[in-house]
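Trainee: Residue numbers (this note's numbering), protein chains in the order written: chain A, 1 to 260; chain B, 261 to 913; chain C, 914 to 1171. If you scroll down you'll find the structure; I have some questions about it.
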Amino acid sequence: MNLCQRIWNSSLGKKYVMALTGAALFAFVVGHLVGNLQVFGPPELINTYAHFLKSKPALLWSARLGLLVMVTLHIASAVTLSAMNKAARPEPYAGKAAYGSTAQSRYMLVSGLVILAFVLYHLAHFTVMLPGINGVGDFSKLTTTLEGHAVPDAYAMMVLGFQVWWVVLFYLVAQGLLFAHLGHGLASMFQSLGFRDHTWWPRIQCFATLASIAIFVGYAAIPLGIFTRVVGVDYAEQKKFELRDATLMPEKAPAAKEAK
Amino acid sequence: MATLNSNIPSGPLDQKWEHHKFSTKLINPANKRKYKIIVVGAGLAGASASATLAELGYEVHNFVFHDSPRRAHSVAAQGGINAAKNYQNDGDSVHRLFYDTIKGGDFRAREANVHRLAEVSVNIIDQCAAQGVPFAREYGGLLDNRSFGGAQVSRTFYARGQTGQQLLLGAYSALNKMIGAGGVKSYTHSEMLDLVVVDGHAKGIIVRNLQTGEITRHNGDAVVLATGGYGNVYNLSTYARGANVTASWRAYKRGACFGNPCYTQIHPTCIPVSGDYQSKLTLMSESLRNDGRVWVPKRKEDCGKKPADIAEGDRDYYLERMYSAFGNLAPRDIASRAAKTVCDEGRGIGETGLGVYLDFSAAIARLGEDKVRERYGNLFSMYHEITNESAYQTPMRIYPAVHYTMGGLWVDYNLMSNVPGLFVLGEANFSDHGANRLGASALMQGLSDGYFVLPATISGYLATQNPGKRPATDNGSFKQAEENVQTLTKRMLGNKGKRTPDSFHKELGKLMWEYCGMARNQAGLEKGIKAIGALREEYWKNVSVLGEATDWNQSLERADRIGDFIELGELMCRDALMREESCGGHFREEYQYTPDDPETKQGLVNPGDVKRRDDQFAYVAGWEYAGAADKAPILNKEPLVYEEVKMSTRSYK
Amino acid sequence: MKVFLKVWRQKNRNTPGTFKTYTSPELNENMSFLEMLDVVNEDLANNGEEPIAFDHDCREGICGTCSLVIDGKPHGPHRGVATCQTYMRSFKNGDEIVVEPFRAKAFPLIKDLVCDRKSFDRIQQVGGFITVRTGAAPDANSIPVPKENADLAMDAAQCIGCGACVAACKNASAMLFVAAKVSHLGLMPQGQPERYKRVKAMVTQMDEEGFGACTVTGSCEAVCPKEISLDFIARMNRDYAVALLKGDAKAATSGGAG
Ligand SMILES: Cc1cc2nc3c(=O)[nH]c(=O)nc-3n(C[C@H](O)[C@H](O)[C@H](O)COP(=O)(O)OP(=O)(O)OC[C@H]3O[C@@H](n4cnc5c(N)ncnc54)[C@H](O)[C@@H]3O)c2cc1C
Ligand code: HEM
Ligand code: FES
Chain A
1 MNLCQRIWNS SLGKKYVMAL TGAALFAFVV GHLVGNLQVF GPPELINTYA HFLKSKPALL
61 WSARLGLLVM VTLHIASAVT LSAMNKAARP EPYAGKAAYG STAQSRYMLV SGLVILAFVL
121 YHLAHFTVML PGINGVGDFS KLTTTLEGHA VPDAYAMMVL GFQVWWVVLF YLVAQGLLFA
181 HLGHGLASMF QSLGFRDHTW WPRIQCFATL ASIAIFVGYA AIPLGIFTRV VGVDYAEQKK
241 FELRDATLMP EKAPAAKEAK
Chain B
261 MATLNSNIPS GPLDQKWEHH KFSTKLINPA NKRKYKIIVV GAGLAGASAS ATLAELGYEV
321 HNFVFHDSPR RAHSVAAQGG INAAKNYQND GDSVHRLFYD TIKGGDFRAR EANVHRLAEV
381 SVNIIDQCAA QGVPFAREYG GLLDNRSFGG AQVSRTFYAR GQTGQQLLLG AYSALNKMIG
441 AGGVKSYTHS EMLDLVVVDG HAKGIIVRNL QTGEITRHNG DAVVLATGGY GNVYNLSTYA
501 RGANVTASWR AYKRGACFGN PCYTQIHPTC IPVSGDYQSK LTLMSESLRN DGRVWVPKRK
561 EDCGKKPADI AEGDRDYYLE RMYSAFGNLA PRDIASRAAK TVCDEGRGIG ETGLGVYLDF
621 SAAIARLGED KVRERYGNLF SMYHEITNES AYQTPMRIYP AVHYTMGGLW VDYNLMSNVP
681 GLFVLGEANF SDHGANRLGA SALMQGLSDG YFVLPATISG YLATQNPGKR PATDNGSFKQ
741 AEENVQTLTK RMLGNKGKRT PDSFHKELGK LMWEYCGMAR NQAGLEKGIK AIGALREEYW
801 KNVSVLGEAT DWNQSLERAD RIGDFIELGE LMCRDALMRE ESCGGHFREE YQYTPDDPET
861 KQGLVNPGDV KRRDDQFAYV AGWEYAGAAD KAPILNKEPL VYEEVKMSTR SYK
Chain C
914 MKVFLKVWRQ KNRNTPGTFK TYTSPELNEN MSFLEMLDVV NEDLANNGEE PIAFDHDCRE
974 GICGTCSLVI DGKPHGPHRG VATCQTYMRS FKNGDEIVVE PFRAKAFPLI KDLVCDRKSF
1034 DRIQQVGGFI TVRTGAAPDA NSIPVPKENA DLAMDAAQCI GCGACVAACK NASAMLFVAA
1094 KVSHLGLMPQ GQPERYKRVK AMVTQMDEEG FGACTVTGSC EAVCPKEISL DFIARMNRDY
1154 AVALLKGDAK AATSGGAG
């Protein structure tokens, strides 16, 4: 048997896959957060960043492909292992949750699946910019100029997108679940890969808690900051007219342009 | 009459085993796999024997009534295992271990067997260490030792308070290796219910599958029983609830002699009985006596007081007082009897008055609580779980309880019983401990028998049997034995009586403890024999066994075993009555040292110590079944001949 | 005191089971949980009802035979003890106690509260040993074992093979059991030659038996009567990763003739 088969054919092997892909996803989540936190700066900051990413299609697409592989592997191992786990206890107990376990650890699949749903939504929301799902309008119409070129206005997309309460709520719920997922997953990852002993385990758990809190706070700050009008409120006011059909509301459109 | 020929090899004591191994016939390697050996039991003795025989190339079939070989009661041994390694440089040697064991057994064991045991002991430790048994170690990485009762050297190897567990897991791993390799076929949940004897030779067994109730026949060229001890005849004991005498008893009924059935060990440090519902007595390892001091109040009036309220001067550290040389480390039989004596004087403590203190306050003061916790933490927490008391704060309450049976099926030097082809190992045989076993020597014996002795001696018998010629299971003897088992099962299930098997067990236990317990006398034993005989008759009239024969049926399991215990109890009383002397664990009140005896005056013994009668009883009693439970069994004698040591007064003062 | 028992009764594997409720006779708080069941059983038998089948043997927490899930926790309310070491003083007069068997696909039910744990034996048979022939061992002190390793090995080796880890785990995973054995032998110098072969064989067998995988919920450690640590699972994960990377051993060429 070759190495891949050996890994995939054993429960422990799949756990390694899950842990390694989880680690990669975690790294992405951190990187993505750092990028997105630029929303707290001036609009140009994040727009420059977004433009930079778009301007390197080879890099962007290999990263996307990489992530897709990671996500696929993570989910495939999660789902197959969960099926195996379910089959291992055909007859349930009369009640009571498994003694000594945390809810986080018990609901990893659920939190993961909601995160997946969220990720799909998030892609449709900001990457594909499906107009019907954001509660605001067609994000693809938002543009701005950077160094003389017209580029998509990511800043505007965010500050407008997070003014919709149910979008914010969904984002927050998903972040909450990501927090739960990582609070358990980050520690579990070390365990699965065998990096643990009695002195390191408390430290690992501490890391997992702090990291998952940090991620939660970071990510939640964005929609919350915008929704509570701490960030980008003026910009949004100006930009929201771009979303409307120019022919319908022509008189207000120039004002937005002036602001620039 | 059976003939009990010990087959002890000639020559000097320390060369007998070497010579014997050389002179025993071997089996040609190509022929070994043609021999099929049935091993019943997978405790230390059975597991080690099965693994080793399979390594040698024999086809081994192993049977246990447990769900896994790892559950055998050897797992419960706490304290340790002896070996004459002399790693401590404290004067130990094979000869000293031999001598201590012979003396500890009150000169009622065979010299040659005990010497062999001491010789082999060193190999056992090597074997177990190589298997990965995590023995306690010193900081340098070498093996640690502790001392145990009845010895003045530190020769006991241990693995925390779970030595038996670790040794058993070692033997179990060796067994697993051979099961995995196909050398051993393992049958679990399989209880042996009869021995099949064909033309005078043991050639098979009848087995009930406890899960399905199916009865099957199994043939072999030899049958090995390693089925453990029978202390559960007392109902309350330190044994596992499932431990039983059935395999040995059914073999006895097929002609194997039962050796010294009355030799029972009552262990001094167990948690006292607390009520009638009790199912089990828990041992607190003897190793506790290394640091614990045993005492009772000097005055009866103080017994009700809290121990802390009894002044130092009002305490009687009776073991230290009576046996100054060994003190709290006096052998078990002596320590137990001393506890009984002080309790009989009305100085026992606890609600029932049947208890003495085992006090660690001096040790805690000397070593600190942490050190004591490190040494005995698991025992203290076990004690706490059971009694809800902390032994760090208040002394433990302990009392003697039935713990081991030195008696068992009679075997010769080759571990073969008087039925050719039937070998008996471990606690199930009578062989090496005489009338009292020293601590940490049962594990040693079980492993010695299984790893080293049987594998060397069994070829002597097999060489007399044509390879591949064992009788088939359609032989008449198999049929008859199976019918015997079926009839018994039907009889029990069909018996629409009124009493549960357990109620009989409780009653039997009380009779045994009363009449054949720590102190025995003629009148009591005679009474006991009558009462147990009557109980046996009632049993067959009035026992009620619910459930079916074709299912998992624990009532049936128990009923089978209890029926045998009742008959065994009667035999034990007969043996105790016959043995008109005191020796080791067998104390006949009529035979004890008095203040007027010269030995007492010389200060060798205390008044009340056991008094042997070597001129009349220096023999092994091998009881032979007379064909019916109500017929008096036949007594055969194997004289004990001492060439090396002189039978002398056993002194621990 | 008296308690009400809600006990799983099931005649055998092929007959569906249900809970039945019993009122105990008068009890004493110093009884062990199993002694309480003995008393209830005597009562049932005296009334012509078949006693409740339950597994037990040593009754001192070492043989690993007793099982039972008591009010949702294998081995009852206390940490670090087995069912047989659970005493009635842990319950109150009038309590309703739910008693179930260990449930897992790899532990098929036999009757009432008894299940079959032979899958554990089979895992051990494929590699839970150090291959050493009787008689072939060197002197026990010829290979020193660092005390820390010996102690750690003993921590793992204490496993009594009861299966509570499997019973408690929401995935019915046997990782703690297998890890304990793998770690015990892997920590001893004597166990090194077969270290990677052993872990691979045992994990493969574990998967084949139908146990679930570990999701590090910690239930196993929490119910283990010997409080065996999850650290050992990490140790096994480590060893297994190395074993995977190493791959299967090359087939040995046959020995020389002659
Ligand atoms: C609590 C306790 C502590 C002890 N501590 C020590 C100690 O510290 N040191 C020491 O040296 N000794 C100690 N002993 C004594 C020692 O443990 C035993 O004497 C020894 O382990 C017995 O081993 P065995 O292999 O003969 O039998 P067991 O281990 O009892 O094995 C019996 C085997 O036979 C099987 N069996 C029995 N009947 C049948 C049947 N009819 N059909 C099929 N299978 C059957 C069982 O399944 C089991 O596998 C202790 C004993 C007890 C009870
Ligand atoms: C942002 C996305 C995600 C990140 C950062 C992430 C991270 C992690 C990490 C670090 C682990 C620990 C691995 C281990 O136990 O060894 C993990 C486990 C797991 N993940 Fe994810 N994950 C993500 C998305 C998902 C998704 C979409 C699913 C849904 C199928 C999912 C399901 C699981 C499951 C079931 C586990 C196993 C739980 C366990 O072993 O305890 N995850 N994840
Ligand atoms: S009965 Fe042996 S561990 Fe509970």
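Glycine residues also receive a C-beta, built at the ideal position from the N, C-alpha and C atoms.
Buried or exposed, going by whether 16 or more other CB atoms sit within 10 Å of the CB of residue 1083 (chain C)?
Mentor: buried
Trainee: So with CB distances below 7 angstroms, who are the chain E contacts of residue 986 (chain C)?
Mentor: The chain labelled as chain E is not found among the protein chains of the depicted structure, namely A, B and C.
Trainee: Using a Cβ-Cβ cutoff of less than 8 angstroms, which residues in the same chain neighbour residue 994 (chain C) once the five nearest sequence positions on both sides are dropped?
Mentor: 974, 988, 1138
Trainee: Is any non-hydrogen atom of ligand 1 found closer than 7 angstroms to the C-beta of residue 675 (chain B), if you look at the structure I gave you?
Mentor: no
Trainee: At a threshold of 7 angstroms, does residue 198 (chain A) count as lining ligand 4 (C-beta to nearest heavy atom)?
Mentor: In the structure on display, ligand 4 does not appear, and the ligands it does have are ligand 1, ligand 2 and ligand 3.
Trainee: Any idea what DSSP makes of residue 93 (chain A), helix, strand or coil?
Mentor: coil
Trainee: CA-CA distance, residue 78 (chain A) and residue 1150 (chain C)?
Mentor: 17 angstroms
Trainee: So residue 296 (chain B) is in the alpha helix (DSSP H); what residue range does that whole segment cover?
Mentor: First-last for residue 296 (chain B): 296-300, but that is the beta strand (DSSP E), not the alpha helix (DSSP H).
Trainee: Check whether chain C comes within 8 angstroms of residue 324 (chain A), counting only Cβ atoms and requiring the distance to be less than that.
Mentor: Outside the shown range of chain A (1 to 260) lies residue 324 (chain A), about which nothing can therefore be said.
Trainee: Thinking just about the alpha-carbon of each residue, which of C:938, C:1153, C:943, C:1163 is nearest to the one in residue 7 (chain A)?
Mentor: Distances from the alpha-carbon of residue 7 (chain A) to those of C:938, C:1153, C:943, C:1163 put C:1153 closest.
Trainee: Following a CB-centred definition, is residue 591 (chain B) positioned closer than 7 angstroms to any heavy atom of ligand 1?
Mentor: no
Trainee: Quick check on DSSP: helix, strand or coil for residue 682 (chain B)?
Mentor: Strand.
Trainee: For residue 909 (chain B), I'd like the list of residues in its chain whose CB is within less than 6 angstroms of its CB, leaving aside the five on either flank, ordered along the chain.
Mentor: 859, 864
Trainee: Hey, is residue 1084 (chain C)'s beta-carbon within less than 8 angstroms of any beta-carbon in chain A?
Mentor: yes
Trainee: Say yes only if the C-beta of residue 188 (chain A) is nearer than 7 angstroms to one or more non-hydrogen atoms of ligand 2, and no if none qualify.
Mentor: Set against 7 angstroms, the gap from the CB of residue 188 (chain A) to the closest heavy atom of ligand 2 is smaller.
Trainee: I need the straight-line Cα distance from residue 100 (chain A) to residue 990 (chain C), nearest angstrom please.
Mentor: 11 angstroms
Trainee: Taking 7 angstroms as the line, does the beta carbon of residue 18 (chain A) fall inside it for any heavy atom of ligand 2?
Mentor: yes
Trainee: Assuming residue 696 (chain B) contacts residue 844 (chain B) under a Cβ cut-off of 8 angstroms, what Cβ separation, rounded to an integer in Å, is found between them?
Mentor: 3 angstroms
Trainee: Does the beta-carbon distance from residue 1076 (chain C) to residue 1020 (chain C) come in below 8 angstroms?
Mentor: yes
Trainee: Cβ of residue 1146 (chain C) versus every heavy atom of ligand 2: is any distance shorter than 7 angstroms?
Mentor: Outside the cutoff, so no.
Trainee: Answer with yes or no whether the minimum CB distance from residue 1117 (chain C) to chain A is below 8 angstroms.
Mentor: With 8 angstroms as the cut-off, residue 1117 (chain C) counts as an interface residue toward chain A.
Trainee: Residues bridged to residue 1163 (chain C) by DSSP?
Mentor: DSSP lists no beta-bridge partner residue for residue 1163 (chain C).
Trainee: Would residue 133 (chain A) be called buried (16 or more neighbouring beta carbons within 10 Å of its own) or exposed?
Mentor: Flag for residue 133 (chain A) reads exposed.
Trainee: Can you tell me the Cα-Cα spacing of residue 925 (chain C) and residue 966 (chain C), whole angstroms?
Mentor: 11 angstroms
Trainee: Taking 8 angstroms as the CB-CB limit, is residue 657 (chain B) close to chain C?
Mentor: False, the Cβ-Cβ gap to chain C never drops below 8 angstroms.
Trainee: Assuming residue 608 (chain B) contacts residue 614 (chain B) under a Cβ cut-off of 8 angstroms, what Cβ separation, rounded to an integer in Å, is found between them?
Mentor: 5 angstroms
Trainee: Checking the sheet assignment: what are the DSSP bridge partners for residue 461 (chain B)?
Mentor: B:458
Trainee: Below 8 angstroms between beta carbons: does that hold for residue 1001 (chain C) and residue 944 (chain C)?
Mentor: Yes, the pair counts as a contact, with Cβ atoms nearer than the cut-off.
Trainee: Would you please verify whether the beta carbon of residue 15 (chain A) is less than 8 angstroms from any beta carbon of chain C?
Mentor: yes
Trainee: How many angstroms separate the CA atom of residue 115 (chain A) from the CA atom of residue 56 (chain A)?
Mentor: 28 angstroms
Trainee: Residue 1145 (chain C) touches chain B at which residues, Cβ-Cβ below 7 angstroms?
Mentor: Under the 7 angstroms cutoff, chain B gives no residues; its nearest Cβ is about 13 angstroms from residue 1145 (chain C).
Trainee: Might you give, ordered along the chain, the residues of its own chain that have their beta carbon closer than 6 angstroms to the beta carbon of residue 623 (chain B), omitting 5 neighbours on each side?
Mentor: Answer for residue 623 (chain B): 551, 632, listed in chain order.
Trainee: Between residue 1125 (chain C) and ligand 2, is there a pair consisting of the residue's CB and a ligand heavy atom that are separated by less than 7 angstroms?
Mentor: no
Trainee: Just to make sure I have the definition right: I need the residues of chain C whose C-beta is within less than 9 angstroms of the C-beta of residue 540 (chain B). Which are they?
Mentor: Correct list: 945, 947, 948, 971, 972, 973, 997.
Trainee: Where does the unbroken alpha helix (DSSP H) through residue 53 (chain A) begin, and where does it stop?
Mentor: Its alpha helix (DSSP H) spans residues 43-54.
Trainee: Can you tell me whether residue 257 (chain A) is helix, strand or coil according to DSSP?
Mentor: Low confidence applies here, because residue 257 (chain A) scores a pLDDT of 42, under 50, leaving its location unreliable; read the following figure in that light. In the structure shown, residue 257 (chain A) falls within a helical segment according to DSSP collapsed to helix, strand and coil.
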